[in-house]
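Down below is the structure, laid out as structure tokens.
There are 2 protein chains.
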Amino acid sequence: MTTEEVLALDQVTFDERGLVPVIAQDAETGDVLMLAWANREALVRTLAERRMVYWSRSRGELWRKGDTSGHVQHLDELRIDCDADVVLARVHQVGAACHTGERTCFFRWLGERAAETRT
Amino acid sequence: MTTEEVLALDQVTFDERGLVPVIAQDAETGDVLMLAWANREALVRTLAERRMVYWSRSRGELWRKGDTSGHVQHLDELRIDCDADVVLARVHQVGAACHTGERTCFFRWLGERAAETRT
Numbered sequence: 633m634t635t636e637e638v639l640a641l642d643q644v645t646f647d648e649r650g651l652v653p654v655i656a657q658d659a660e661t662g663d664v665l666m667l668a669w670a671n672r673e674a675l676v677r678t679l680a681e682r683r684m685v686y687w688s689r690s691r692g693e694l695w696r697k698g699d700t701s702g703h704v705q706h707l708d709e710l711r712i713d714c715d716a717d718v719v720l721a722r723v724h725q726v727g728a729a730c731h732t733g734e735r736t737c738f739f740r741w742l743g744e745r746a747a748e749t750r751t
Numbered sequence: 633m634t635t636e637e638v639l640a641l642d643q644v645t646f647d648e649r650g651l652v653p654v655i656a657q658d659a660e661t662g663d664v665l666m667l668a669w670a671n672r673e674a675l676v677r678t679l680a681e682r683r684m685v686y687w688s689r690s691r692g693e694l695w696r697k698g699d700t701s702g703h704v705q706h707l708d709e710l711r712i713d714c715d716a717d718v719v720l721a722r723v724h725q726v727g728a729a730c731h732t733g734e735r736t737c738f739f740r741w742l743g744e745r746a747a748e749t750r751t
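Chains A and B supply the protein sequences, listed in that same order. Count the first sequence with my numbering and you get residues 633 to 751, in order. Count the second sequence with my numbering and you get residues 633 to 751, in order.
Put into structure tokens, the structure is as follows:
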């Protein structure tokens, strides 16, 4: 990592668990693919490897997205919000982001379209 | 609300604080605007009023986005993710989503573009 990257990471505000939510957005289509969580090390590895690395809250370990499924997310750019407590990752998604096989995890509607399912 | 909407809300998994993260996305441009939090009542009001209502964690009260600033987010549609613990709201944003006056809260880069600021 560059000095600028280290300094930038120091600006991120992690919650009481040491985590920050990360929104993954398809850099090509603009579709929101998923939300996951990262700790500082996950962000360091993401920047170093240029692919998304999250923190799995259920497994309690680093999660290199795609290691098992092959559905790697290549990093285009990371952004932080005005409060520096949310990260937006623009990615080039290989295959499906969702473990269900859907391209995005947000394939179900709430509200008046709740009965429908995106195909 | 319709019966379908009530049933759909019952599918949402709230965290130990009774909250769920909500990603607001510009329905016209696809830009990710902000991430905020909602409790069940905030989602009920959002669906009833067709505009975004969040839960302000800092103030501990419902937050009808735009009541003070005028920067209302008119609801296009709500979606939930595969685990039903994240909400994606596609909205028509009036003015700026960010309290800084920026259109989106994600106007800063992390990583190799960290020195730049989106204009």
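Even for Gly, the Cβ is constructed at its ideal location relative to N, Cα and C.
Notebook entry, point to check: Nearest to Arg-722(A) by CA position, among Asp-647(A), Val-652(A) and Ala-659(A), is which residue?
Noted result: Per the Cα distances, Ala-659(A).
Note to self: Against chain B, does Glu-681(A) count as a neighbour if the rule is that its beta carbon must be under 8 Å from one of theirs?
What the structure shows: Judged by the 8 Å Cβ criterion, Glu-681(A) is not in contact with chain B.
Check: In chain B, which residues lie with their C-beta within 8 Å of the C-beta of Trp-669(A)?
Finding: Near Trp-669(A) there are no residues of chain B at all, since even the closest Cβ is about 10 Å away, more than 8 Å.
Margin query: Suppose contacts are defined by Cβ-Cβ distances below 8 Å. Is Val-664(B) in contact with Leu-720(A) by that definition?
Written below: Their beta carbons are under 8 Å apart, which means Val-664(B) touches Leu-720(A) by this criterion.
Margin query: I'd like the span of the alpha helix (DSSP H) that includes Ala-656(A), first residue to last.
Written below: Per DSSP, Ala-656(A) belongs to no alpha helix (DSSP H); it is in the beta strand (DSSP E), 652-658.
Checklist line | Residues near Gly-702(B) by beta carbon distance below 8 Å, same chain, minus five either side | finding: Closer than 8 Å at Cβ, skipping near neighbours: Val-726 and Gly-727.
Next item on the list: With Glu-681(A) as the anchor, note down where its alpha helix (DSSP H) starts and where it stops.
Entry: Element bounds for Glu-681(A): 672-681.
Item checked: Interface residues of the stretch 697-713 of chain B facing chain A [CB-CB below 9 Å] -> Closer than 9 Å at the C-beta level to chain A, one finds these residues of the stretch 697-713 of chain B: Leu-707, Glu-709, Leu-710, Arg-711, Ile-712 and Asp-713.
Checklist line | Coil, strand or helix - Ala-640(A) by DSSP | finding: In the displayed model, Ala-640(A) falls within a helix according to three-state DSSP.
Check: Quick check: the stretch 637-646 of chain A against the stretch 707-719 of chain A, are there 3 or more CB pairs under 8 Å?
Finding: By the Cβ criterion, the stretch 637-646 of chain A is in contact with the stretch 707-719 of chain A, since at least three pairs of Cβ atoms, one from each stretch, lie closer than 8 Å.
Next item on the list: Give me whichever residues DSSP pairs with Met-666(B) in a beta bridge.
Entry: For Met-666(B), which the question treats as bridged, DSSP gives the partners Ala-656(B).
Note to self: Please list, in chain order, the residues of the stretch 648-674 of chain A that have any C-beta partner in chain B closer than 8 Å.
What the structure shows: Listed by position along the chain: Pro-653, Ile-655, Gln-657, Thr-661, Gly-662, Asp-663, Val-664, Met-666 and Leu-667.
Notebook entry, point to check: On the premise that Val-654(A) lies in contact with Ala-670(A), defined as a C-beta separation below 8 Å, what is that separation, rounded to the nearest angstrom?
Noted result: With a Cβ gap of about 5 Å, Ala-670(A) and Val-654(A) count as contacting.
Next item on the list: For Arg-696(A), I'd like the list of residues in its chain whose CB is within less than 6 Å of its CB, leaving aside the five on either flank, ordered along the chain.
Entry: By the criterion of a C-beta distance shorter than 6 Å, Arg-696(A) is surrounded in its chain by Val-685, once the five residues flanking it on both sides are discounted.
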